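Read in numbering that gives the first Met the number 0, the sequence shown has 137 at position 138, and its numbers run on one by one without any break.
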Amino acid sequence: MTISDEQKISEDRRDALRYALAIGSGAALASAMTRPASAAEGDDNTLDRVRASKTLRIAVLPGELPYFNKDLATGTWSGFSIEMANDIAKLLDVKLEYTESTYGNSILDLQSGKIDLGFALNPTPQRALVVDFTSTVFPHPFGAMLKKGMEAKTWADINKPEVRIAVDVGSANEAVARRFAPSATIKSLKSRDEVMLEMASGRVDCVVNALVLGLTAIAKNPNLGTYKILQSPSVTVASATAVRREPDKRWRDFLSVWIDYNRGVGQMREWFVKGLALSGVKAEDIPVELNI
């Protein structure tokens, strides 16, 4: 690599870092952006490495159902993402290796070369600056948990001053509620647990949140009410898998084709339903509007 090439890479990385910080990406992303190029852009190709080592390294997230679940007695992992990983490993004739992580740290683990694949991640402009994403596994819809007896089909149905909405402060749930139900009486609370307590006590009429959060909460406590995906407009955040950024895109492209194929034949929905069942969510409770 020439001096001019190194200068250009350095300038590109500085520009990307300035942009990421300008849009509030946070300290973790800043740390990832300032890693040496060798850590973020290894010379080896992931697909070749996986095949040669006969090992697929993935991040696993304790307690994040329906994607991940660890049996504390046996140490066995299960869940939607594990079903996906097992199928990929079987196709490539490799074994799985687990690294316990978090959603945020999965990005750093990819950057540092600790893992080959991160599941259940939302592609955001900030994250796309440092890792590559596959095609969408499914668009994760937003809606509301409604108290018993309450009916709502659209955002307009809850966008009224007399409707009391609870959300966890600073979350995507709060952002969605304030954008699509600004006229409602919105109560921002410190944590999801406080939000659910507010709902259980009857002090609010509904909780705006993503489908998985709503379904699993109601499965734990059916007295909370029912969950409804709200329309007009349809609000979704993509859920995808992430890979380390590298010049050779064969690994990313292979995974994208694998995802599209399994969505097309209905396998992805079957795995998702199986993962939700671990949280006590019944197949008949999953809204038909879910596009997976």
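Just so you know, even glycine gets a beta-carbon here, dropped at the ideal spot from N, CA and C.
Note that the coordinates shown come from a computational prediction; the quantities given were computed from them, not determined experimentally.
Could you spell out the range, first to last residue, of the alpha helix (DSSP H) harbouring S105? Y102 to Q110 is the extent of the alpha helix (DSSP H) around S105.
Would V166 and V203 be called neighbours here (beta carbons separated by less than 7 Å)? Going by C-beta atoms, V166 is not nearer than 7 Å to V203.
Under the assumption that K186 contacts E197 (Cβ atoms under 8 Å), give the Cβ distance between them as a whole number of angstroms. Between K186 and E197 the beta-carbon gap is near 7 Å, inside 8 Å, which marks them as a contact.
Rounded distance between the beta-carbons of F132 and M83, thought under 8 Å: Not a contact, Cβ separation roughly 15 Å.
Hey, T235 and P138 are a contact pair by Cβ (cut 8 Å); roughly how many whole angstroms apart? Taking a contact as a CB-CB distance under 8 Å, the pair T235 and P138 counts as one, their CB atoms being some 4 Å apart.
How would you call P286, buried or exposed, if buried means at least 16 neighbouring beta carbons within 10 angstroms? With fewer than 16 other Cβ atoms within 10 Å, it is exposed.
Are the region 99-116 and the region 222-229 touching, with three or more C-beta to C-beta distances below 8 Å? These segments do not touch.
I want to know whether the region 58-67 touches the region 247-265 - three or more CB-CB distances under 8 Å. Note that the region 58-67 does not touch the region 247-265; fewer than 3 beta-carbon pairs, one per stretch, sit closer than 8 Å.
Please report how far the alpha carbon of S200 lies from the alpha carbon of I81, in whole angstroms. Each residue's Cα considered, the two are about 36 Å apart.
Measure the alpha-carbon distance for V211 versus S52 and round it to whole angstroms. If you take the alpha carbons of V211 and S52, they lie about 35 Å apart.
Of all the beta strand (DSSP E) runs that stay within the bounds of the region 110-184, which reach a length of 3 or more residues? Unbroken beta strand (DSSP E) stretches of 3 residues or longer found wholly inside the region 110-184: 117-120, 130-132, 137-145 and 163-167, given in chain order.
By Cβ distance below 7 Å, which residues in the same chain neighbour P246 in space, the five residues on each side in sequence not counted? So no residue of the chain qualifies.
My output table needs one value for R202: the three-state DSSP class, helix, strand or coil. It is coil, neither helix nor strand.
For I228, which three-state DSSP category applies? It is a strand residue.
Decide if L334 is buried, meaning its Cβ has at least 16 other Cβ atoms within 10 Å, or exposed. With the chain covering 0 to 291 only, the question about residue 334 has no answer from this structure.
Quick one: any contact between the region 89-96 and the region 144-159, if contact means 3 or more CB pairs under 8 Å? No, because fewer than three Cβ pairs between the region 89-96 and the region 144-159 fall closer than 8 Å, the two stretches do not touch.
Rounded C-alpha distance that separates L46 from P232: The C-alpha of L46 lies about 39 Å from the C-alpha of P232.
Rounded to a whole number of angstroms, what is the C-alpha to C-alpha distance between G274 and A183? Their Cα atoms are separated by approximately 34 Å.
Quick check: the Cα distance between F67 and D192, rounded to an integer number of angstroms? Straight-line Cα distance between these residues: approximately 20 Å.
Identify the continuous beta strand (DSSP E) that holds V242 and give its terminal residues. Note, V242: beta strand (DSSP E), T235 to R243.
Does A27 pass the burial test, meaning 16 or more other C-beta atoms within 10 Å, or should it be called exposed? At A27 the pLDDT is 41, less than 50, meaning the model places this residue with poor confidence and gives no usable figure here.
Looking only at its own chain, which residues have a Cβ that is under 6 Å from the Cβ of T135, when we skip the five neighbours before and after it? The answer, listed in chain order, is A237 and A239.
Tell me whether the beta-carbon of I157 lies closer than 7 Å to the beta-carbon of A180. The answer is yes: Cβ separation under 7 Å.
Proximity of F141 and V194 at Cβ, strictly below 7 Å: No.
Considering only C-alpha positions, which residue in the set K189, L188, E161 and A155 is nearest to R178? Distances from the CA of R178 to each of K189, L188, E161 and A155 were compared; the closest alpha carbon is that of A155.
Out of curiosity, what's the CA-to-CA distance linking G41 and E63? Only weak support is given to the placement of G41: the predicted model assigns it a pLDDT of 44, under 50, and the question is left unresolved by the model.
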